[in-house]
Amino acid sequence: MKSSKFLLACALFIVSGCAHNPDIRVGHDTVDGITFKDNNAYMDCIRNEVKNGVPTFTVENNGKTDLFFGSTDPTTTEGLVELSSANGHNTYSAYQRDAWYDRGRLLDAAQACSKT
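Read left to right, the sequence shown gives residues -21 to -1, 1 to 95 (mature numbering (1 follows the signal peptide of the UniProt record, and there is no 0)).
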């Protein structure tokens, strides 16, 4: 009986340790899609829609534009929008930590701003 409790405790410990990944891109609060707006217009639209007083940072990396909210570290940032170009249009992925807190404002902005 003691050994089965020990094995159960070990299994729970391992599963709970593996389940937590602080990188915002691994979370479940995410949307993605396509926009025909250029990078600057799309990112400016998101900044204007969110307006939460959190500093934003734009990082260009290998042809991809990342817009971070609060921090450029994916493990601590409050939100991230990744925008990349391919075949004449831009694809975006938006991630928001704790989206329930403000009802997914960043995720809504990413979708609304993608429309022309």
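Even glycine gets a Cβ: it sits at the ideal position worked out from N, Cα and C.
Beta-bridge partners of residue i, as assigned by DSSP
i	result
residue 40	43
residue 50	DSSP, once it has assigned bridges, lists no residue as partnering residue 50.
residue 69	14, 64
residue 32	Answer is none; residue 32 lacks a bridge partner.
residue 74	9, 59
Residue i in three-state terms, based on DSSP
i	result
residue 5	helix
residue 18	helix
Straight-line gap, residue i to residue j (C-alpha atoms, nearest Å)
i	j	result
residue 88	residue 24	8 angstroms
residue 36	residue 94	23 angstroms
residue 73	residue 60	4 angstroms
residue 45	residue 38	5 angstroms
residue -6	residue 26	Confidence at residue -6 is low in this model, with a pLDDT of 47, below 50, so its placement is unreliable and no value can be given for it.
Element boundaries [alpha helix (DSSP H), containing residue i]
i	result
residue 87	84 to 93
Contact check, residue i vs residue j, beta carbons under 8 angstroms
i	j	result
residue 32	residue 48	no
residue 75	residue 11	no
residue 29	residue 86	no
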